[in-house]
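Trainee: One structure follows; several queries about it will come next.
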Amino acid sequence: MKMDMTTQGIQAAQPYVAAKSSTASKVVARGVNVHYGEKHALKDVSVDVPDQAVMAFIGPSGCGKSTFLRCINRMNDTIPICRVTGKIEIDSKDIYDPSLDVVQLRARVGMVFQKPNPFPKSIYENVAYGPRIHGLAKSKTDLDEIVTMSLEKAGLLKEVKDRLNDSGTGLSGGQQQRLCIARAIAVSPDVILMDEPCSALDPIATAKIEELIDELRSNFCIIIVTHSMQQAARVSQRTAFFHLGILVEEGETETIFTNPRDERTRDYITGRFG
Amino acid sequence: MTDISAQPTAGPLRRRVDTTSPEAQAAVRRRYRSEARFRTYGLLAILTAAVFLVVLLIDIGARALPAFTTTSLQLNVAVPNDLVPADQKNNPAAIRGADFLPVMREALKTAIPGVQGRGPERTLLRLLSPGAPDDLRERLAANPSLIGTTLKVPLLLSATADLYFKGAGTPITTRSSRDAATPSGTTGTITVSAPGNDFSENLVTVKLAVAERAHALAAEAERTARSSAPNAAERANELRAEAAAMAARAKDTATAETLDSRLPSLLVEINGGLVKVSQLAADRIEGDVLLPLASTNEAKASDWRIVTYVTPESSRKIGDQEVAFLERFKANGQVEKGFNWRFFTSGDSREPELAGIRGAIVGTALTLLVTLVLCVPVGVAAAIYLEEFAPKNRFTDIIEVNINNLAAVPSIVFGLLGLAMFLNFFGLPRSAPLVGGLVLALLVLPTIIIASRAALKAVPPSIKEAALGVGASHQQAIFHHVLPLAMPGIMTGTIIGMAHALGETAPLLMIGMVAFIVDVPTSVTDAATVLPVQIFLWSDLPELAFKAKTAGAIVVLLVFLFVMNGTAIWLRKRFERRW
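Those protein sequence lines, which keep their order, are chains L and G.
Residue 1 is where the first sequence starts when you use this note's numbering, and the numbers rise one by one after that.
Residue 1001 is where the second sequence starts when you use this note's numbering, and the numbers rise one by one after that.
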């Protein structure tokens, strides 16, 4: 998991852009540009995301980190004026390949949104929906098992096992967000994208989610966008700092927070701007 | 620059509001007054609207009330054995086709014995509706063994008689006599002599009326004299002479006075009969017998009465003879009021007492069914496509603008379109619910599309994102998640649209649904009419009884509207979700 220190030299030759790490990279982006109509939102971003680790994207509002996150499961496709160029590969397969089915891609790349958005249906239905449309369960018991396991993994089972048929919207904010995580992992994705998953939650619920992210790390590749530098420091192994659509610096979280090479990164993490 | 920076606190930024100054206090008072004023305006507006609404509802309700009751005569009807030929006794069709007129005539004559002559008999029979034997007919057809027995059945009264009992008749005053009186006969034209001058008060009243008329005539004579007509002077003289003669008649209390239909009708109730006074003197009257007397015996004082029908005969729809018959039926306790089921179970008719709204209701139901079946799938599908799938370009913009414009097109234009398209081009039948439904579907479609789009738009995008996020396709996200959440809004919009269609008249006039149709339609291609058009048709008829029918149909239409809108509100409340 730990990044090989010898890569430092390569980073020097190719400043601020991560080279291939020693462990296999799950997501590889090269020269990604995103335009919203006239606006150039993301400029030439290249980054490697390792598997079985948490990568945090930090940066001030409007810096493009969420935009980049939404490129990874092609959620930007739903915005008509959005145009993405460059290359993003997951497991060495180009996800912008025209022959690739975007629905299957999204089944492999789960997403948790900023605001908890459970379906206004029962807790069970919330989790069962994904497996059902992808035909993951062969029988009702199979489906029950998937739902139970997903809720268990999301640390929600204990709290809701007696009321699986209650509405998902009746849960507390933190529980709703964990339900959304359970919904995402129910389809066994490879990558989970989290877009500021704790920004609408109180500190206790946040702590629970962070704990959960740490546990999920061993099975998934997790990319989290966050405004809280403490959160990035707590949950992630690698951190990327975005500023004005540019990936300014990327590296091990410890390094970024203790010894950033770029002045903008230092200014941001010390709270000078942003 | 330096001067300013030298005194930074003196700048306008540090100006303070003095909330205790008189100006500030006045400003606060002004603000409160303005708020209070505005609240009063709002309250007044609401009150005005409420008063209008209440007045409207009460007025319609009060007018409609007579339409919901009906009056019939409970008579003993002797059904003769030879009503139908003996071999046809078990044939319902033959029983239904039998002539019931003589049966009813006999029943009426039994109820009021002694009525003779074609005139009074015809008058008596005209009190009944042409549909009066319907009840009896059905009972006999269902149970032929009743032929040859005497049955007590309700016979529906005609609209005029019905209205008489609903208050469109005349006030009646009765005065007891002081002295004895003797009639000269029991039927025909008779005299009643009352030596005690029992009629003197009535004579005075009549003479006063004559004097008044003489006065009016004199005034008219003067007006004629002043006019420039060719033979004005001649005519004025004639009138003056007439006025003078009349004035003399008024003064002379000894001569008998002839009563006419412009005066209140005077009647004498004596020996179980009723005499309508035509010649009035202080001690005797001459008149026609309306209800036959039992005998020519002398009636003692207070055994006979003087009756006045206050409204002159010429000012009411119903004659003295009819009033006399109806009052007799009433006195016999044979008049029965009941709920007017026929209003809901029969189609239109030229006879107000037989007319009902069943045809219009069924026509409305069929028309709305066609509308619903057409415009819900089309409207919702169009809304989903435009809202979720359509590319945003010039073409879809134009479509969107035109849908909004269509919602504001006057409904008669849709009627013309229907006439040109469905009747003339496609050759569909006139007056049919099918064509009405098609036209109304065109009318309602924009409303449903707009409402459905608004409902779809109101579903938070996060729900769609969540579905896409777990790998649902666009279509799955919409049909599994967005559409169910938008459904209450879509249903509300649909019901409001349907309520709109329910009240629509103008386009249906254009496609011929305005015809007089007696039969209740059974399919969408039968000729039919709808409730609002039925109201329109009835409101045009001259018969007084149709006024109540019109109001009754309006009440039914309003009830339908309230129920539909209530359902819409209930659906919205029931399925409303919060995020």
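Ideal placement from N, C-alpha and C gives every residue a C-beta, glycine not left out.
Please read these numbers as outputs of a predicted model, since none were measured by experiment.
Could you pull the start and end residues of the alpha helix (DSSP H) that E263(L) belongs to?
Mentor: E263 to I269 is the span of the alpha helix (DSSP H), which, as asked, contains E263(L).
Trainee: Ignore the nearest five residues each way along the sequence and tell me which others in L1434(G)'s own chain have a CB closer than 7 Å to its CB.
Mentor: For L1434(G), where only same-chain residues beyond five positions count, the Cβ hits under 7 Å are V1370, L1428, V1524 and T1525.
Trainee: So is Q104(L) buried or exposed if we call it buried at 16+ other beta carbons inside 10 Å?
Mentor: Q104(L) should be labelled exposed.
Trainee: Can you pull out the residues from the region 1444–1473 of chain G whose beta carbon lies closer than 7 Å to at least one beta carbon of chain L?
Mentor: Listed in sequence order: S1462, I1463, E1465, A1466, L1468, G1469, V1470, G1471, A1472 and S1473.
Trainee: With distances taken from CA atoms, which of V1192(G), L1124(G), D1179(G) and A1111(G) is nearest K1152(G)?
Mentor: With distances taken between Cα atoms, K1152(G) lies closest to A1111(G).
Trainee: Since G110(L) and A184(L) are thought to touch, with beta carbons under 8 Å apart, how far apart are those beta carbons, to the nearest angstrom?
Mentor: 3 Å between Cβ atoms; contact.
Trainee: From which residue to which residue does the beta strand (DSSP E) around Q1074(G) run?
Mentor: Start and end: T1069 to A1078.
Trainee: Taking C-beta to C-beta, are V34(L) and V84(L) nearer than 7 Å?
Mentor: A contact, by the Cβ cut-off of 7 Å.
Trainee: List, in order along the chain, the chain L residues whose C-beta lies closer than 7 Å to that of L1485(G)?
Mentor: Under the 7 Å cutoff, chain L gives P120.
Trainee: Considering just the uninterrupted stretch of the beta strand (DSSP E) at D195(L), what are its terminal residues?
Mentor: Per DSSP, D195(L) belongs to the beta strand (DSSP E) from V191 to D195.
Trainee: Just the Cα atoms here: how many angstroms apart are G1148(G) and S1177(G)?
Mentor: If you take the alpha carbons of G1148(G) and S1177(G), they lie about 46 Å apart.
Trainee: Beta-carbon of I88(L) versus every beta-carbon of chain G: anything under 7 Å?
Mentor: No, because no Cβ of chain G sits closer than 7 Å to the Cβ of I88(L).
Trainee: Which partner residues of F1339(G) appear in the DSSP bridge assignment?
Mentor: Beta-bridge pairing links F1339(G) to T1069(G).
Trainee: Could you check if N1271(G) is buried or exposed, using at least 16 other CB atoms within 10 Å of its CB as the buried criterion?
Mentor: The residue is buried, with at least 16 neighbouring Cβ atoms inside 10 Å.
Trainee: Taking the beta carbon of Q1116(G) as the centre, do at least 16 other beta carbons fall within 10 Å, making it buried, or is it exposed?
Mentor: The residue is exposed, with fewer than 16 neighbouring Cβ atoms inside 10 Å.
Trainee: For W1341(G), count neighbouring Cβ atoms within 10 angstroms of its own Cβ and tell me buried if that reaches 16, exposed if not.
Mentor: Per the 10 Å Cβ criterion, exposed.
Trainee: Would you mind sorting W1570(G) into buried or exposed? The rule is 16 or more other CB atoms within 10 Å of its CB.
Mentor: Flag for W1570(G) reads exposed.
Trainee: For E1504(G), which residues from the same chain have a beta carbon less than 8 Å from its beta carbon, with the 5 sequence-adjacent residues on both sides left out?
Mentor: Hits under 8 Å: S1411, L1440, L1443 and P1532.
Trainee: Going by beta carbon distance, what residues of the same chain come within less than 7 Å of L1406(G), once the five residues before and after it are set aside?
Mentor: So the qualifying residues of the chain are P1446.
Trainee: In its own chain, which residues sit with a C-beta less than 8 Å from the C-beta of G9(L), not counting the 5 before and 5 after it?
Mentor: Annotation note: pLDDT 39 at G9(L) (below 50); position unreliable, no value reported.
Trainee: Taking its Cβ as the centre, do 16 or more other Cβ atoms sit within 10 Å of P1507(G), making it buried, or is it exposed?
Mentor: By the neighbour-count rule (16 or more Cβ atoms within 10 Å), P1507(G) is buried.
Trainee: Report yes if the C-beta distance between D1283(G) and P1195(G) is below 7 Å; otherwise report no.
Mentor: Yes, the pair counts as a contact, with Cβ atoms nearer than the cut-off.
Trainee: Once the 5 residues before and after T1367(G) are set aside, which same chain residues still bring their CB inside 7 Å of it?
Mentor: Closer than 7 Å at Cβ, skipping near neighbours: P1433, G1436, G1437, L1440 and V1530.
Trainee: So K1392(G) contacts chain L; which residues on that side make the cut at Cβ distance below 8 Å?
Mentor: In chain order: P80.
Trainee: Return the residues of the region 119–142 of chain L that lie within a Cβ-Cβ distance of less than 7 Å from chain G, sorted by chain order.
Mentor: The region 119–142 of chain L vs chain G, Cβ under 7 Å: F119, P120, Y129, G130, I133 and H134.
Trainee: If you draw a straight line from the C-alpha of T134(L) to the C-alpha of G1471(G), how long is it?
Mentor: Note on identity: in this sequence residue 134(L) is His, with Thr being the wrong assignment. Computed Cα separation, rounded: 8 Å.
Trainee: If you draw a straight line from the C-alpha of A1501(G) to the C-alpha of S1315(G), how long is it?
Mentor: Approximately 43 Å between the Cα atoms of the pair.
Trainee: Throw me the rounded Cβ distance for the T1070(G) and L1155(G) pair, which I believe falls under 8 Å.
Mentor: Contact flag wrong, Cβ pair sits at about 11 Å.
Trainee: In the DSSP assignment, what are the bridge partners of H35(L)?
Mentor: DSSP lists H40(L) and R83(L) as partners of H35(L).
Trainee: Quick one: what's got a C-beta closer than 6 Å to V1307(G)'s C-beta in the same chain, skipping five residues either side?
Mentor: Hits under 6 Å: T1174, L1267 and E1269.
Trainee: Can a CB atom of chain L be found closer than 7 Å to the CB of Q1476(G)?
Mentor: Chain L, which has a Cβ nearer than 7 Å to the Cβ of Q1476(G), makes this yes.
Trainee: Got a sec, what are the start and stop residues for the beta strand (DSSP E) Y1032(G) sits in?
Mentor: No beta strand (DSSP E) contains Y1032(G), which is instead part of the alpha helix (DSSP H) from P1022 to A1064.
Trainee: Taking Cβ-Cβ distances shorter than 7 Å, what residues in chain G pair up with A107(L)?
Mentor: Residues of chain G passing the Cβ test: G1471.
Trainee: Apart from the five residues just before and just after A1024(G), which ones in its own chain have a Cβ nearer than 8 Å to its Cβ?
Mentor: Here the set comprises V1017 and D1018.
Trainee: Can you check which of these residues, F1344(G), D1059(G), E1106(G) and V1079(G), is closest to C1145(G) by C-alpha distance?
Mentor: Looking at the sequence itself, residue 1145(G) is Ser, so the reference to Cys does not match. Comparing Cα-Cα distances from S1145(G) to each of F1344(G), D1059(G), E1106(G) and V1079(G), the minimum goes to V1079(G).
Trainee: On the three-state DSSP scale, how would you describe P1008(G)?
Mentor: Low confidence applies here, because P1008(G) scores a pLDDT of 49, under 50, leaving its location unreliable; read the following figure in that light. In the structure shown, P1008(G) sits in a helix (DSSP, three-state: H, G or I).
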